[in-house]
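Position 81 of the sequence shown, counted from 1, bears residue number 551 in the numbering used here, the numbering being contiguous throughout.
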Amino acid sequence: MTTSLGDKLRRHRQEKGYSLDKLAEITESSKSYLWELENRDTRKPSAEKLTRIAQALDVTTDYLLDETATPDEEVMREAFFRKFSKLDADDRKKIEQMIDVWGKRK
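See below:
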């Protein structure tokens with residue numbers, strides 16, 4: 471089953487509870503540009519725009535571009551790691567400590 475870029479954008483945007491306005495604000499895009507990406511297959515975003523959109527939706531650019539890809543655990547893990555990597559060192563350390571504590575609960 472193939473899923474177009476527009477379908478993926480719409481689905482993940484809605485799952486996050488983002489309006490077109492909100493996603494436009496987050497990605498520094500216009501609402502009309504995002505609407506066209508969702509509704510017209512003729513628009514192809516630049517690498518920079520696609521990266522911003524993927525980050526906002528917690529997916530990878532590869533996933534968005536591959537019409538046969540599904541949002542499997544690997545895609546979600548990559549997106550999480552990208553966000554984790556952008557945290558400052560203190561916040562990363564706190565999360566690592568939480569993971570250590572949770573891992574000991576078994």
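The beta carbon of each residue, even a glycine, is placed where N, CA and C say it ideally should be.
Asked: Leu507 to Asp528 span [Cα, whole Å]; Found: 17 Å
Asked: Per-residue DSSP class, three states only, for Val571; Found: helix
Asked: Close beta carbons around His482, own chain, < 7 Å, minus the five adjacent residues each side; Found: Leu527 and Val529
Asked: Lys564 in three-state terms, based on DSSP; Found: helix
Asked: For Gln525, the nearest candidate out of Thr538, Trp505, Lys556 and Ser500 (CA to CA); Found: Lys556
Asked: Unbroken stretches of the alpha helix (DSSP H), 4 residues or longer, contained in the region 493-553; Found: 501-509, 517-527 and 531-535
Asked: Lys486 - DSSP class collapsed to helix/strand/coil; Found: coil
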